[in-house]
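Scroll down for the structure; my scribbles are underneath it.
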Amino acid sequence: MKKEILKLNAISPLASETLGDGYVLTEKPESPIAVLLRSFVMHDYKLPESVIAVARAGAGTNNIPVKEYAERGVVVFNTPGANANAVKELCLAALLLASRDIVGGIEWVKTLVGDDIAKQAEKGKSNFAGHEIMGKTLGVVGLGAIGVQVGNNAVRLGMNVLGYDPYISIDSAWKLNHNITKIDSLEELFKKSDYITLHLPLTDGTRGMINAAALSKMKDGVNIVNLSRGELCVNADIISAVKSGKIRNYITDFASPELLNVKGITVLPHLGASTEEAEDNCAVMAARELADFIENGNIKNSVNFPACSSPRAGKCRITVIHRNVKNVLNSITEVVSKAGINIENFVSQSRGDYAYTIIDAAETVGDGQIKTIEANENVIKTRRI
Numbered sequence: 021m022k023k024e025i026l027k028l029n030a031i032s033p034l035a036s037e038t039l040g041d042g043y044v045l046t047e048k049p050e051s052p053i054a055v056l057l058r059s060f061v062m063h064d065y066k067l068p069e070s071v072i073a074v075a076r077a078g079a080g081t082n083n084i085p086v087k088e089y090a091e092r093g094v095v096v097f098n099t100p101g102a103n104a105n106a107v108k109e110l111c112l113a114a115l116l117l118a119s120r121d122i123v124g125g126i127e128w129v130k131t132l133v134g135d136d137i138a139k140q141a142e143k144g145k146s147n148f149a150g151h152e153i154m155g156k157t158l159g160v161v162g163l164g165a166i167g168v169q170v171g172n173n174a175v176r177l178g179m180n181v182l183g184y185d186p187y188i189s190i191d192s193a194w195k196l197n198h199n200i201t202k203i204d205s206l207e208e209l210f211k212k213s214d215y216i217t218l219h220l221p222l223t224d225g226t227r228g229m230i231n232a233a234a235l236s237k238m239k240d241g242v243n244i245v246n247l248s249r250g251e252l253c254v255n256a257d258i259i260s261a262v263k264s265g266k267i268r269n270y271i272t273d274f275a276s277p278e279l280l281n282v283k284g285i286t287v288l289p290h291l292g293a294s295t296e297e298a299e300d301n302c303a304v305m306a307a308r309e310l311a312d313f314i315e316n317g318n319i320k321n322s323v324n325f326p327a328c329s330s331p332r333a334g335k336c337r338i339t340v341i342h343r344n345v346k347n348v349l350n351s352i353t354e355v356v357s358k359a360g361i362n363i364e365n366f367v368s369q370s371r372g373d374y375a376y377t378i379i380d381a382a383e384t385v386g387d388g389q390i391k392t393i394e395a396n397e398n399v400i401k402t403r404r405i
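Counted from 1, the sequence shown has number 131 at position 111 by my numbering; the numbering is strictly sequential.
Written out as structure tokens, the structure is:
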């Protein structure tokens, strides 16, 4: 019988191809084992009890009640980096939009009438003169998959690039162009940058980080690109800074009523990942994550549980989602050992309040042993694969 995966948004057909014949991706499942979505808001959604995993074909998971699902033992996946190239390309376009009044020029040309439009356009072009980005300083805030690509490509365009990320991963550090200067102080980056682009998640610590106080530390005439999350910036402070000339241009793809029709502010639709290639990449990655978790219990790119995976060994695999407290691991292994079952492989990882354990056993772990493991008040969910 095929495993049902609930589809809450239109998803690239490559997701079904990646999952293979053992799965059916459907909008009306009877008993789905997992959910695949893009932008559907799940906070008030009644999640079927049969669901063990949710995968978002995209990086952000603000539309998913991640903490609530963790308490239910539902693993939430995202697809970091799958749409990085698409967002990078839009960011480079935004840098050019901030430098040259391309949009204003296009809209002005549309108003021209008469037989001498070419002459009118030539005469009026000086009203839309801009600046070149070559030789200017770009400050990249956040050096994840997208920020690294933006910085590396900006170097190739002749920009002087500064990067800030106190939590940069080893993988990102390896990929970072050696010509990018890593800055330890956000204030220093603000002070030196002609352009600033934001590439970081929305958290309690980053919400409203671009505010009046931060703007006061920036160069006069700075250009800011925000394709990450609208709430990273305080819109009222952005508008005031644009009107005063502190900000020359603010480019964002997070539409908000107060930002519209303000000279110096360009609002795009949320186009960052809106390419066929990015949608395909995200769908394939999400499908692979779900399949590996469903079939093998492996976790990769989860936002609410630790990364934890291992090649299969033995006859039976059990996985346990539990709280990250003392003695839980001992209680799990003790149940298996007391049953006279040899443990051939064991891996456990923790992340914050939660932990995940994989045990490969030489024999089948019976229903009785599973129930005994689940009787521990700190065990959230157990699976036998």
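Ideal Cβ placement from N, Cα and C applies to all residues, glycine included.
Endpoints, the alpha helix (DSSP H) within which residue i is located
i      : result
Lys391 : 387 to 394
Ala35  : 34 to 39
Ala106 : 104 to 119
Asn350 : 348 to 358
Phe97  : Not the alpha helix (DSSP H): Phe97 falls in the beta strand (DSSP E), residues 95 to 97.
Lys139 : 137 to 144
Ile122 : 122 to 129
Glu207 : 206 to 212
Boundaries of the beta strand (DSSP E) in which residue i is found, first to last residue
i      : result
Lys27  : 23 to 27
Gly159 : 157 to 161
Ile338 : 336 to 343
Leu45  : 43 to 46
Tyr89  : That residue, Tyr89, is in no beta strand (DSSP E); its alpha helix (DSSP H) goes 86 to 92.
Asn365 : 363 to 371
Asp380 : 374 to 381
Lys401 : 399 to 404
Val5   : With the chain represented from 21 up to 405, any question about residue 5 goes unanswered, as that position is not in the structure.
Leu196 : Segment: none, Leu196 is in no beta strand (DSSP E) and carries neither H nor E.
Ala54  : 54 to 57
Proximity below 8 Å, CB of residue i to CB of residue j
i      : j      : result
Ile378 : Val367 : yes
Leu56  : Ala90  : no
Ser119 : Ile84  : no
Ser213 : Thr157 : yes
Pro326 : Ala375 : yes
Ala113 : Gln169 : no
Gly334 : Asn365 : yes
Cys302 : Thr99  : yes
Val71  : Asn324 : no
Lys237 : Lys195 : no
Asn398 : Val348 : yes
Gly93  : Ile400 : yes
Glu354 : Ala106 : no
Ala141 : Val129 : yes
Val44  : Glu24  : yes
Val4   : Leu116 : Nothing can be reported for residue 4: it is not among the residues displayed for the chain, which extend from 21 to 405.
Arg343 : Asp380 : no
Ile216 : Val242 : yes
Thr272 : Val287 : yes
Residues near residue i by beta carbon distance below 7 Å, same chain, minus five either side
i      : result
Phe313 : Ala73, Val95, Ile319
Glu47  : Lys27
Asn29  : Leu57, Arg58, Ser59, Phe60
Ala261 : Leu235, Ile267
Thr384 : Lys335, Cys336
His151 : Ser119
Glu309 : Ala75, Phe97, Lys320, Asn321
Gly125 : Phe148
Val175 : Val181, Asn197, Asn199, Ile200
8 Å CB neighbourhood of residue i in its chain, flanking five on each side removed
i      : result
Thr18  : This structure gives no information on residue 18, because the portion of the chain shown stretches from 21 to 405.
Val252 : The question names Val, but residue 252 in the sequence shown is Leu. Answer for Leu252: Leu218, Leu220, Leu222, Thr226, Arg227, Gly228, Met229, Ile230, Asn246, listed in chain order.
Gly386 : Ala359
Gly178 : Ile153, Met154, Gly155
6 Å Cβ shell around residue i - same chain, five flanking residues per side excluded
i      : result
Asn362 : Ala382
Ala307 : Ala35, Thr38, Leu39
Gly167 : Val160, His219
Ile200 : Gly171, Val181, Gly183
Glu299 : Ser32
Ile405 : Gly317, Arg337
| said: Give the list of continuous beta strand (DSSP E) stretches no shorter than 3 residues that lie fully inside the stretch 219 to 270. | reply: Listed in chain order, the complete beta strand (DSSP E) runs (minimum 3 residues) inside the stretch 219 to 270 are 242 to 246.
| task | Counting only runs of 3+ residues fully inside the stretch 276 to 325, write out the beta strand (DSSP E) ranges in chain order. | result | The DSSP assignment places complete beta strand (DSSP E) segments of no fewer than 3 residues inside the stretch 276 to 325 at 285 to 287, in order along the chain.
| field | Inside the stretch 163 to 192 only - alpha helix (DSSP H) runs reaching at least 4 residues | value | Entirely contained in the stretch 163 to 192, the alpha helix (DSSP H) runs reaching 4 residues are, in chain order, 165 to 176.
| said: Using 8 Å as the cut-off, can you tell me whether the stretch 61 to 68 makes contact with the stretch 284 to 293, which would need three or more C-beta pairs spanning the two stretches below that distance? | reply: By the C-beta criterion, the stretch 61 to 68 is judged not to be in contact with the stretch 284 to 293, since fewer than 3 inter-stretch pairs fall below 8 Å.
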